[in-house]
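Reading through the structure tokens given below for one structure.
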Amino acid sequence: AKASGKNKLCFYDPKLDEYAMLRLALLSDFRQSFADGDFVVLYQPQIRFSDNTLIGFEALVRWHHPERGVVSPTDFIHLIEENGMIVQLGEWVLRQACSDAMNWPAPLQVAVNVSPVQIERTNLLTTVIKALKATSLPASRLELELTESSLMCDGDSTIMLLNSLREQGVRIALDDFGTGYSSLSYLQRFPFDKLKVDRSFVIAASENVQNVNSANAESILSAILQLANALHLQTTAEGVETQDVSTLLQKLGFTNAQGFFYGRPMTAEHAENFISQWPDIQNK
Ligand code: C2E
Ligand code: CA
Ligand code: CA
Ligand code: CA
10 AKASGKNKLC FYDPKLDEYA MLRLALLSDF RQSFADGDFV VLYQPQIRFS
60 DNTLIGFEAL VRWHHPERGV VSPTDFIHLI EENGMIVQLG EWVLRQACSD
110 AMNWPAPLQV AVNVSPVQIE RTNLLTTVIK ALKATSLPAS RLELELTESS
160 LMCDGDSTIM LLNSLREQGV RIALDDFGTG YSSLSYLQRF PFDKLKVDRS
210 FVIAASENVQ NVNSANAESI LSAILQLANA LHLQTTAEGV ETQDVSTLLQ
260 KLGFTNAQGF FYGRPMTAEH AENFISQWPD IQNK
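The numbers in the sequence shown follow this note's numbering, run straight up by one, and end at 293.
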């Protein structure tokens with residue numbers, strides 16, 4: 010049987026089976042590959058609209074699998090969240106990111122993604138303090154990106170954790186904003202510095218750039234921005250791929266931008282080069 014068109018029923022799907030096999034294979038390879046040092050952290054630039062300043066980079070992990078080549082985090086983070094290995098990987102990424110950021114001129118910052126598993130099962134405050142101490146990176150140059158799923162478990166203890174991190178000087182960004190379902194109550198309850206608006210909204214708005222008929226996506230973005238302003242939160246637009254979209258988002262009032270238009274995730278070495286050439290590199 011086959012899955013035909015858009016109406017996928019519960020037929021046997023060899024593709025699903027293949028995917029399950031891939032997941033199993035990746036899961037069983039992870040531990041050894043991590044021990045072998047097959048992971049790299051890439052850095053994607055973040056730009057402030059108002060004065061076109063490079064404010065820093067987001068750290069994005071990649072797995073250089075010995076046989077499969079580069080494996081995307083969307084293909085393995087989920088797996089290692091299930092078995093808890095994300096804790097080790099997350100701590101390694103944090104350490105690596107802080108140490109790479111030490112090679113950047115102040116006040117350039119690094120933003121590191123944190124898994125809900127790290128929040129639920131480890132003492133993130135201790136881990137962060139240790140990483141900052143070990144690398145000598147000032148806390149003010151570290152930002153942590155959390156998703157809404159981090160906020161669902163034990164709200165009160167997470168609020169305490171976030172407050173402690175902010176007392177240290179670390180900033181907190183809420184990632185993928187708009188993809189969850191109770192975002193508004195989270196904004197009120199949790200102490201964030203920044204909202205990262207999910208790429209899907211940016212894509213919708215960019216379609217508006219071509220299709221003048223519908224202004225829905227822009228209206229939604231405007232509403233999000235009003236809300237963020239009222240709560241004194243900075244806003245970052247993710248997935249900015251073109252000049253037109255960048256111009257639109259700046260006009261709408263976003264604080265910061267991130268996306269292929271400014272730069273793809275790059276090695277630490279390239280990031281240093283990028284820093285030294287910004288903003289001239291932008292027009293190449
Ligand atoms: P994210 O945190 O939302 O990161 C942004 C993703 O969007 C990255 O994918 C980035 O490469 C991609 N991206 C950036 N600009 C553009 C653009 O203009 N167009 C398009 N089409 N894509 C863009 P990536 O690196 O594959 O990471 C995927 C997800 O994996 C991340 O989404 C994050 O949730 C997770 N992830 C990555 N590194 C880590 C990590 O160290 N720890 C944890 N817990 N999760 C991570
Ligand atoms: Ca992120
Ligand atoms: Ca995101
Ligand atoms: Ca995302």
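Using N, Cα and C, we set each Cβ at its ideal position, and we do this for glycine too.
Practice task
Identify the continuous alpha helix (DSSP H) that holds arginine 40 and give its terminal residues.
Solution key: 23 to 44
Handout entry: CA nearest to the CA of serine 124, picked from Ala140, Arg150 and Thr156
Key = Thr156
Exercise for the section: Run the CB neighbour count on leucine 33, radius 10 Å, all protein chains shown included, and call it buried at 16 or more, exposed below. Expected result: So leucine 33 ends up on the exposed side.
Practice task
Could you give the DSSP three-state label for glutamate 278: helix, strand or coil?
Solution key: helix
Handout entry: Bridge-paired residues (DSSP) for proline 54
Key = Phe66
Exercise for the section: Would you mind stating whether glutamate 127 and leucine 133 have Cβ atoms separated by less than 7 angstroms? Expected result: The amino acid occupying residue 127 in the given sequence is glutamine; glutamate does not appear at that position. Yes, they are a contact pair.
Exercise for the section: Could you tell me the distance, in whole angstroms, from the CA atom of histidine 74 to the CA atom of arginine 40? Expected result: 12 angstroms
Exercise for the section: Return yes when at least one heavy atom of ligand 2 lies under 6 angstroms from the C-beta of asparagine 225, else no. Expected result: Taking 6 angstroms as the cut-off, one finds no heavy atom of ligand 2 near enough to the beta carbon of asparagine 225.
Exercise for the section: Measuring only between beta-carbons, confirm whether asparagine 265 sits less than 7 angstroms from chain B. Expected result: Looking at the structure shown, chain B is missing, and only one protein chain is on hand.
Practice task
Check arginine 198 in the structure and name its three-state DSSP category.
Solution key: Assigned with DSSP and collapsed to three states, arginine 198 falls in helix.
Exercise for the section: With a 10 Å radius around its C-beta and 16 neighbouring C-beta atoms as the bar for buried, classify aspartate 26 as buried or exposed. Expected result: exposed
Exercise for the section: Confirm the yes/no value for this check: CB of glutamate 152, any heavy atom of ligand 3, distance under 6 angstroms. Expected result: Distances from the CB of glutamate 152 to the heavy atoms of ligand 3 are all 6 angstroms or more.
Practice task
Consider the C-beta atom of aspartate 60 and the heavy atoms of ligand 2; say whether any pair is separated by less than 6 angstroms.
Solution key: Aspartate 60 has its CB no nearer than 6 angstroms to any heavy atom of ligand 2.
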